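Residue numbers (our numbering): 20 to 278.
Below is one structure, written out as structure tokens; comments come after it.
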Amino acid sequence: MDRRRAVILTTSLLVVVIGAMAVYGAWRVLSAAPDEVSLEAVVASLEDKDSPESSSSTAISEDVEAEVDSEEKASSSDDGVWYVDSNSGSFTFDDSSGSFVGFRVEEELAQIGSMTAVGRTGDVEGQLVIENGELVEVAVSADLSTIVTNDSRRDRAARHALNVREHPMATFVLEEPVTLPGADDVSVSMEVLGQLTVNGIGRQVPVKIEAQLVDATIVVVGSIDVTFIDYDVVVPSAIIVVSAEDHGIVEFQLLFIRG
């Protein structure tokens with residue numbers, strides 16, 4: 020009897036330990052949601068990258084510097100075609116300093132509590148066109164079949180929910196021109212209307228964006244509030260997931276360079 024009791028106690032202890040380890044492991048992974056997109060953060064990373072070049076420019080004489088400034092002002096009109104830069108920066112959950120598109124969803128996990136599920140992809144293409152101080156065209160596409168989340172065990176379920184086999188590409192297209200504030204190197208905030216297409220379904224959506232010109236790069240970050248059922252997307256479920264909201268945020272961080 021004593022031996023049997025010892026076996027039972029040992030088994031119970033192992034179950035408790037394994038369960039605790041599983042919960043702790045899930046907490047470590049799922050709590051590592053990256054911060055929301057931030058114009059200030061990406062601008063700072065670009066300025067840090069360019070700081071050695073800017074410091075070396077102090078050796079230029081005042082006369083030459085004035086000449087360079089005048090030439091830059093003459094040629095630095097924002098008018099033209101700007102393309103998404105997929106080479107600058109990097110795309111990881113630890114260091115998302117490049118261009119990416121993704122989503123954020125709040126969920127409740129058993130024995131853990133509230134968590135934020137985040138998915139992102141760096142496979143983004145697109146362009147914007149500026150004419151006479153107006154933003155006249157924006158067309159951006161993202162390959163959702165390469166989306167990854169802050170828990171690799173969720174990746175396949177997220178892609179399945181987004182129906183990437185049939186409709187891997189999500190797109191956004193600006194619907195009407197927007198007058199841009201005439202302030203170089205200063206951040207601007209605005210709301211624009213566009214057509215967001217996910218899972219082959221297009222909806223008109225308002226988009227909150229922030230933008231800033233940093234040297235030769237236009238940085239744009241923003242978010243779109245979405246209800247998933249509008250795009251026939253059902254939030255994935257799992258044993259550990261007690262509940263998940265049926266709405267969330269599409270977020271994006273895009274770097275544009277002149278074509």
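All C-beta atoms, glycine included, are put in the ideal place defined by N, C-alpha and C.
All values derive from a computational prediction rather than experimental measurement.
Alpha-carbon to alpha-carbon, residue j and residue i
{"i": "Q231", "j": "V252", "result": "33 Å"}
{"i": "A257", "j": "V217", "result": "Low local confidence applies: a pLDDT of 49 at A257 is under 50, so the model's placement there is unreliable, with the coordinate-based value given in what follows. The straight-line gap from Cα to Cα measures roughly 23 Å."}
{"i": "L274", "j": "V103", "result": "6 Å"}
{"i": "Y43", "j": "N169", "result": "Note that Y43 scores 36 on pLDDT, short of 50, meaning its location in the model is unreliable and no value can be drawn from it."}
{"i": "L193", "j": "S171", "result": "33 Å"}
{"i": "T111", "j": "V56", "result": "13 Å"}
{"i": "V148", "j": "W101", "result": "6 Å"}
{"i": "G221", "j": "P53", "result": "28 Å"}
{"i": "V226", "j": "E185", "result": "26 Å"}
{"i": "H179", "j": "A60", "result": "32 Å"}
{"i": "V254", "j": "I276", "result": "35 Å"}
{"i": "R175", "j": "V183", "result": "10 Å"}
{"i": "L190", "j": "D67", "result": "As written in the sequence, residue 190 is Thr, which differs from the Leu given in the question. Those two C-alpha atoms are separated by around 31 Å."}
{"i": "V159", "j": "G267", "result": "20 Å"}
{"i": "V233", "j": "E195", "result": "25 Å"}
{"i": "L215", "j": "Q223", "result": "6 Å"}
{"i": "L65", "j": "E150", "result": "25 Å"}
{"i": "A78", "j": "S107", "result": "Because the pLDDT at A78 is just 38, under 50, the model does not fix this residue reliably, and the value given afterwards should be weighed accordingly. Going by the C-alpha atoms only, they are around 27 Å apart."}
Residue i: first and last residue of the uninterrupted alpha helix (DSSP H) it sits in
{"i": "A176", "result": "S171 to A180"}
Residue range of the beta strand (DSSP E) that includes residue i
{"i": "Y102", "result": "G99 to V103"}
{"i": "F110", "result": "From DSSP, F110 is part of no beta strand (DSSP E); its letter is neither H nor E."}
{"i": "G117", "result": "Here G117 belongs to no beta strand (DSSP E), and DSSP marks it neither H nor E."}
{"i": "A189", "result": "M188 to L193"}
{"i": "L215", "result": "V207 to V217"}
Beta bridge counterpart(s) of residue i as assigned by DSSP
{"i": "R123", "result": "V137 and I268"}
{"i": "T236", "result": "V233 and I276"}
{"i": "E150", "result": "E153"}
{"i": "F292", "result": "Limits of the chain in this structure are 20 at one end and 278 at the other, which puts residue 292 out of reach."}
{"i": "V143", "result": "A161"}
{"i": "V226", "result": "V211"}
{"i": "S242", "result": "K227 and E270"}
{"i": "V197", "result": "L154"}
{"i": "I220", "result": "V217"}
8 Å contact criterion, which residue i and residue j should meet: CB distance rounded
{"i": "L199", "j": "E153", "result": "6 Å"}
{"i": "D228", "j": "M209", "result": "The sequence given here places Ile at residue 228; Asp does not occur at that position. Correct: roughly 6 Å between the Cβ atoms."}
{"i": "V269", "j": "S242", "result": "7 Å"}
{"i": "G99", "j": "G219", "result": "Rounded, the Cβ-Cβ distance is 32 Å, inconsistent with contact."}
{"i": "T140", "j": "V155", "result": "Between V155 and T140 the Cβ distance is about 27 Å, and since that is not below 8 Å, they are no contact."}
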